[in-house]
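Quick note: the sequence shown uses this note's numbering, first residue 122, plus one each step. Step one of this worksheet: look at the structure below.
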Amino acid sequence: MGRVFFNVRKNIHALDDDYTVLASDSGKTFTLSASSGTVAVTLPTTLAEGMYYKFVVLEDTPSNAITIAAGSAIIDLVQKDAGGDAANSTAGTAVSNIVVGTSSTQGDVINLFTDGTTWYGEVLSGINNAITTS
């Protein structure tokens, strides 16, 4: 008997406006564009273990900044960019926002997941310091 595969396609959600991410969005890949103005993406305020989201910059040098906000939750990130360092990594630093700047490039990626208490993630960018935190 052959193998049967179900749901092998990724669930993609295009964002070009403000959006509040839902717990039910877990597992989605969000494509980020800011052609119509700044974009604010708000992560869920109630954290549940295992929630996972992927964000991918859709355009070279977005016209406006994109902020991914965790509210009062803390984000622990490891960043790697074209500068070859992890200068913006947040280990031991309390941050609650990830800012995708206008110098970012198509394909830059942010992966976020939670253990139910803290957001953890990784950022990969083709441009030095294009994605920052606050």
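Backbone N, C-alpha and C define an ideal beta-carbon position, used for all residues, glycine too.
ask   = In whole angstroms, what separates the C-alpha of Glu243 from that of Arg124?
value = Translated into positions along the sequence shown, residue 243 becomes position 122. Translated into positions along the sequence shown, residue 124 becomes position 3. C-alpha separation (whole angstroms): 33 Å.
Ala203 versus Gly228: straight-line alpha-carbon distance, rounded = Mapped onto the sequence shown, residue 203 falls at position 82. Mapped onto the sequence shown, residue 228 falls at position 107. Going by the C-alpha atoms only, they are around 13 Å apart.
query = Hey, Thr163 and Ile219 are a contact pair by Cβ (cut 8 Å); roughly how many whole angstroms apart?
reply = Against the sequence shown, residue 163 aligns to sequence position 42. Against the sequence shown, residue 219 aligns to sequence position 98. So it is not a contact: roughly 12 Å between Cβ atoms.
request  = Compute the beta-carbon to beta-carbon distance between Pro217 and Gly192, rounded to the nearest angstrom, for a pair I have assumed lies under 8 Å.
outcome  = Here residue 217 refers to the residue found at position 96 when the sequence shown is read from its first residue. Here residue 192 refers to the residue found at position 71 when the sequence shown is read from its first residue. According to the sequence provided, residue 217 is Ser. The question's Pro does not apply to it. Indeed, because the Cβ distance is near 6 Å, the residues count as touching under 8 Å.
message = Can you give me the C-alpha to C-alpha distance between Ser145 and Leu179, rounded to a whole angstrom?
response = The sequence position of residue 145 within the sequence shown is 24, counting from 1. The sequence position of residue 179 within the sequence shown is 58, counting from 1. When rounded, the distance between both Cα atoms is 23 Å.
key: Closest Cα partner of Gly148 within the set Lys131, Thr226, Ala251, Asn185   = By 1-based counting over the sequence shown, the position of residue 148 is 27. Taking only the C-alpha atoms, the option nearest Gly148 is Lys131.
ask   = Going by other Cβ atoms of all chains shown within 10 Å of its Cβ, with 16 needed for buried, is Ile187 buried or exposed?
value = Counting from 1 along the sequence shown, the entry for residue 187 is found at position 66. Ile187 is buried by the Cβ-count criterion.
inquiry  = Within a Cβ cutoff of 6 Å, which residues of the same chain sit near Thr235, ignoring the five residues on either side of it in sequence?
reply    = On the sequence shown, residue 235 is found 114 positions in, with the first residue counted as 1. Correct list, in chain order: Leu168, Met172.
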